[in-house]
Every structure is written in structure tokens, then in C-alpha cells.
Amino acid sequence: MTAILEMPRPVPSTEPAAPILSLQHVSKTYGDGEGTITALHPATLDVRPGELVAVSGPSGSGKSTFLSIAGALLRPTSGRVVIAGQDVTAQSEATLPAFRLRHLGFVLQSSNLIPYLTVREQLTLVPHLAGGNAREAAQRADELLRTLGLESRARQYPGGLSGGQRQRVAIARALMNDPALILADEPTASLDSVRGREVVQLLAQEVHGRGKAAVMVTHDERVLDLCDRVVQIVDGRLKG
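Mapping the sequence shown onto full-length UniProt numbering, position 57 (from 1) lands on 57, and the numbers just tick up by one.
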């Protein structure tokens with residue numbers, strides 16, 4: 001009788017997933033000599049798939065500088081920023097807009113919706129700017145509107161929406177190109193506590209359900225419990 005040799009089963013990897021966002025000793029200073037102002041002291045942070053990280057701190061603490069660097073909108077004075085495996089600090093200014101369109105989604109404090117576009121048009125504009133397929137963009141927009149409970153608002157203009165609805169549209173727009181990294185700048189600032197939690201819950205669901213990474217800059221302590229990790233920033237120094 002021939003013996004059957006069993007092949008060893010592969011052992012599941014215990015290695016953590018590679019970070020989608022990696023800030024490596026990044027800093028930002030302005031001016032020279034005695035007039036130098038340090039907006040961000042050397043900071044290191046990794047954000048991995050499925051992780052929503054809050055960066056919390058008072059006004060003027062360096063949150064906006066931090067987020068602008070993380071979103072490849074501002075070049076650091078020193079250090080490296082790696083997004084989706086690419087060193088964006090090594091890229092030219094000419095290539096960064098296309099990179100941001102492909103890999104990043106932004107949710108801003110004021111939603112920044114275009115007043116003369118309908119809800120659906122706000123979403124389809126993003127892939128249009130990226131040169132995407134119009135039919136696929138329309139299908140993606142309809143899917144997101146259904147998921148976020150905005151299907152009945154598709155033909156409305158921003159002026160006819162509540163603050164919470166406008167922020168949900170902003171989230172949907174940020175997700176249109178299926179970005180690896182979502183960056184949210186004070187997304188609850190103009191909302192009451194109930195609507196603010198709804199917005200952050202939607203972000204968390206997208207991050208956890210689709211394996212994305214997200215960084216939310218906020219001073220709203222009411223929503224910190226919804227985040228996987230909270231990092232403090234004080235006087236331009238990242239702690240935690």
C-alpha cells in the first residue's frame with residue numbers, strides 16, 4: 001500500500017499588513033535663523049488597512065499642517081511620506097494631483113460641495129476629472145448613494161440638504177475613486193452631536209468594511225470612542 005504524504009499546511013502570517021500611510025520623521029518649519037517657526041516637530045506615524053486614527057488637539061496645535069503633509073498637499077521640511085507604497089516626497093509637483101485623485105479621498109470641515117451641481121453630479125465629477133469611465137462612475141455613484149441613505153436626494157442641490165446630509169455627500173464623493181486613504185478635516189465641526197456621530201460611524205464602517213485607512217483630525221471628544229486609535233498633537237508635537 002502506497003503511503004500518502006501530507007503536505008504541511010501553510011502557517012497564517014502574523015506579520016501586520018503594510019501601512020497605507022507612513023509618516024517617517026516628518027517636520028515642517030517656516031523661515032530661517034532666529035525667525036524660524038516650527039509648525040510640526042519630527043513625527044512618525046503608521047496607519048494600516050482597517051484603521052481609523054484620530055489626531056486630536058486644540059486650535060493652533062499643528063493639526064492642519066499635519067493633515068496637509070499626510071495628504072501630499074504640503075511638502076515636509078524633512079522626512080518621508082509614503083502612501084500606498086509610494087514615496088510622495090520624491091514625486092514632482094506635476095504628478096501629485098493625479099496621485100491624489102487615484103489614492104486619496106478628502107472630507108473637509110465645510111463639505112465644500114459645489115452649489116450648482118446636484119448630489120449625484122458632485123460624485124460623478126471626481127472620476128470625470130480622473131479620466132474614468134462615465135458608465136462605471138454613474139453605477140458607483142448610485143451604489144454609494146444607496147449605501148449612505150442618499151438615494152432620494154440624488155437630484156437635489158446642496159442648498160436643499162441638512163448639514164448631516166451634506167457631510168454624507170462629502171464622504172460619498174471622497175469614496176468615488178475607491179481611495180486607499182481617507183483624510184477627514186474636522187468633519188463634525190458644524191454638526192450637532194447626533195449628526196457628528198453618524199458621520200464618523202459612516203467613516204468607520206467604510207474603513208473597517210473595505211480595508212481602507214483613515215486619519216481624522218478633530219478636537220471633538222464626543223466621537224473619539226469610534227476611532228481605533230487616538231493620537232494627540234500639542235504645540236506641533238505628535239504624542240501617542
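Heads up, the beta-carbon is just placed ideally off N, CA and C, and yes, glycines get one too. Owing to the predicted nature of the structure, the values given are computational and were not obtained by experimental measurement.
query: Could you spell out the range, first to last residue, of the beta strand (DSSP E) harbouring Glu51?; result: 51-56
query: In whole angstroms, what separates the C-alpha of Thr147 from that of Gly236?; result: 37 Å
query: Would Gln139 be called buried (16 or more neighbouring beta carbons within 10 Å of its own) or exposed?; result: exposed
query: One question on the structure: do Leu144 and Leu191 come within less than 7 Å of each other, judged by their Cβ atoms?; result: no
query: Applying the criterion that 16 or more other CB atoms from any shown protein chain within 10 Å of the CB defines a buried residue, is residue 292 buried or exposed?; result: The structure shown does not extend to residue 292, since the chain is modelled only from 1 through 240, so no value can be given for it.
query: Could you say which of Gln167, Thr188, Ala213, Tyr157 lies nearest to Val223 if we only look at CA atoms?; result: Thr188
query: Does DSSP put Pro76 in a helix, in a strand, or in coil?; result: coil
query: Between the beta-carbon of Val231 and the beta-carbon of Gly240, is there less than 7 Å?; result: yes
query: Secondary structure at Ile182, three-state DSSP: helix, strand or coil?; result: strand
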